[in-house]
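Numbering (this note's numbering), first residue to last: -5 to 93. Every residue gets a Cβ at the ideal spot worked out from N, C-alpha and C, and that includes glycine. Note that the structure is predicted; figures quoted are calculated from it, not measured. Here the structure comes first, spelled out in structure tokens, and everything after it is commentary.
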């Protein structure tokens, strides 16, 4: 089968390129708390990958799937906040967030 051969070739390539790479740091959970105000643009690639892995883990833990308690199909949420002052628009004093 062609797809099995492609998969086998891909796996071989990955294994050959993983020689000498320590994967243990990526498997350890981050020891830092996720500060929601932290500027992730200032992190190096390694720290950013750890933060993303932590966020993915939190997402999967909080994810609701069909059959889970509390799951609602096609849930709609109304984000009413009214108009907010924009400052850059001279014609109107307020901007409509629905626009």
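Checklist entry - What span of residues does the alpha helix (DSSP H) with residue 97 cover, start to end? => result In the structure displayed, the chain extends from -5 to 93; residue 97 sits before or after that span and is not available.
Item to check | Boundaries (first-last residue) of the alpha helix (DSSP H) holding residue 4 | outcome: Within the chain shown, residue 4 is the residue found at index 10, counting from 1. Here the alpha helix (DSSP H) through residue 4 covers -4 to 11.
Checklist entry - CB-CB under 7 Å to residue 8, same chain, minus the five flanking residues each way: which ones, in chain order? => result Stepping through the chain shown from its first residue, residue 8 is reached at position 14. Apart from the 5 residues on each side of it in sequence, residue 8 has no Cβ closer than 7 Å to any other Cβ in its chain.
Checklist entry - According to the Cβ coordinates, are residue 58 and residue 45 closer than 8 Å? => result Working through the chain shown from its first residue, we reach residue 58 at position 64. Working through the chain shown from its first residue, we reach residue 45 at position 51. The answer is no: Cβ separation not under 8 Å.
Checklist entry - Which value, in whole angstroms, describes the spacing of the CA atoms of residue 10 and residue -4? => result Looking up residue 10 in the chain shown gives position 16. Looking up residue -4 in the chain shown gives position 2. Here the C-alpha atom of residue 10 lies approximately 21 Å from the C-alpha atom of residue -4.
Item to check | residue 69 (DSSP reduced to helix, strand or coil) | outcome: Position 75 of the chain shown holds residue 69. Coil at residue 69, not helix or strand.
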